[in-house]
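Under my numbering, the residues of the sequence shown are numbered 110 to 209, in order. Worksheet: one structure, shown below.
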Amino acid sequence: MSEKGIKKFKCRQSVRGEGGFGSFNKHRCSFDAVKDGYCTIHHPDYVRKVSKAVARRQEEARRRSPEYKLRMAREEIEVLKKKNKKLRKKLKTYRAGLTY
Ligand SMILES: [Zn+2]
């Protein structure tokens, strides 16, 4: 059986040349299309999955950063300050209720 006549489609995604001389040239992905005209790594389903994973990793990295921790600590301080204010007010009313 000959493979002649079976046209293999290439992935429709255009990609940037990776590094070196071709860096600025956009060209078609060189992988064969396997689904919906895309290769396995450029198929929207896969891209979505990967970008979700990337977003999750970025979020995790963000949460580990000192800036994030500092901001969270500041927010917590604000909450505690408000709580403290409320408790002081309560304490005042309790003291006012003391008879001795
Ligand atoms: Zn591709």
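Cβ atoms here follow ideal geometry from the backbone N, Cα and C, with glycine treated the same way. Quick caveat: nothing in here was measured; it's all calculated off a predicted structure.
- Look at Arg-157 here: in three-state DSSP terms it is helix.
- With respect to Phe-118, Asp-141 sits close: the two C-beta atoms are nearer than 8 angstroms.
- Listed as beta-bridge partners of Arg-125 by DSSP are Lys-135.
- Sixteen is the threshold: when 16 or more other Cβ atoms of the shown chains lie within 10 Å of the Cβ of His-151, as they do, the residue is buried.
- Taken from the Cβ of His-151, at least one heavy atom of ligand 1 lies inside 7 angstroms.
- Closer than 7 angstroms to some heavy atom of ligand 1: that describes the Cβ of Tyr-147.
- Counting only runs of 4 or more residues that sit fully inside the segment 175 to 208, the alpha helix (DSSP H) segments are 175 to 205, in chain order.
- In terms of Cβ geometry, Lys-135 and Arg-121 do not form a close pair [threshold 8 angstroms].
- Proximity of the beta carbon of Phe-140 to ligand 1 is indicated: a heavy atom of the ligand is located closer than 7 angstroms.
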